[in-house]
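Numbering (the working numbering), first residue to last: 87 to 207.
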């Protein structure tokens, strides 16, 4: 995404949307969104015209992006097509830990909606 990112977790039931307030900084807000997309729905959920070099989100992220203008404004268009990756999520006392295995990046998602990038182990 232009500003922030998305992670699909919990067997495609919930999407974690990371909004990097302040243009990509290490601290921002996160939102849990119910994934209401299924194979019976079109891949593109709205008619959008991305600027050259950017991509309209599709499928589950696209449905949430199209139906929630605040999310669309906060995240912008996608920079690349969505791809499957290995990530781990674990509930901890202070919220959730989300770890992107391939990138070696970790995030703490707090119950109050704030998130912070964590240093690599």
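Heads up, the beta-carbon is just placed ideally off N, CA and C, and yes, glycines get one too.
> Can you tell me the Cα-Cα spacing of residue 167 and residue 129, whole angstroms?
Replying inline: In the chain shown, the residue the question calls residue 167 occupies position 81. In the chain shown, the residue the question calls residue 129 occupies position 43. Rounded to the nearest angstrom, the two C-alpha atoms are 12 Å apart.
>> Taking the alpha-carbon of residue 133 as reference, which of 126, 149 and 122 has the nearest alpha-carbon?
In response: Translated into the one-based positions of the chain shown, residue 133 becomes position 47. It is 149 whose Cα lies nearest to the Cα of residue 133.
> What number of angstroms, rounded off, separates the C-alpha of residue 177 from the C-alpha of residue 163?
Replying inline: Residue numbering aside, residue 177 sits at position 91 when the chain shown is read from its first letter. Residue numbering aside, residue 163 sits at position 77 when the chain shown is read from its first letter. Taking the straight line from one Cα to the other gives about 29 Å.
> Smallest Cα separation from residue 174: which of 165, 187 and 127?
Replying inline: Taking the first residue of the chain shown as position 1, residue 174 is located at position 88. Residue 174 has its Cα closest to that of 187, out of 165, 187 and 127.
> In angstroms, rounded to a whole number, what distance separates the CA positions of residue 215 and residue 121?
Replying inline: Here the chain comprises residues numbered 87 to 207, so residue 215 is not present and cannot be evaluated.
> Of the residues 190, 180 and 147, which one's Cα is nearest the Cα of residue 196?
Replying inline: Here residue 196 corresponds to residue number 110 of the chain shown, with the count starting at 1. The option with the nearest alpha carbon to residue 196 is 180.
> Three-state secondary structure (DSSP) at residue 189?
Replying inline: Counting from 1 along the chain shown, the entry for residue 189 is found at position 103. Correct three-state label for residue 189: coil.
>> Quick check: what's the CA-CA separation for residue 131 versus residue 185?
In response: Mapped onto the chain shown, residue 131 falls at position 45. Mapped onto the chain shown, residue 185 falls at position 99. Rounded to the nearest whole angstrom, the CA to CA distance from residue 131 to residue 185 is 29 Å.
>> How far does the beta strand (DSSP E) with residue 204 in it extend, from its first residue to its last?
In response: Counting from 1 along the chain shown, the entry for residue 204 is found at position 118. Unbroken beta strand (DSSP E) run through residue 204: 200-204.
>> By alpha-carbon positions, which one of 143, 200, 169 and 171 ends up nearest to residue 159?
In response: Working through the chain shown from its first residue, we reach residue 159 at position 73. When C-alpha distances from residue 159 are compared across 143, 200, 169 and 171, the shortest belongs to 143.
>> Please classify residue 190 as buried or exposed, where buried requires at least 16 other C-beta atoms within 10 Å of its C-beta.
In response: For the purposes of this step, residue 190 is taken as residue 104 along the chain shown, with counting starting at 1. When all chains shown are included, residue 190 counts as exposed.
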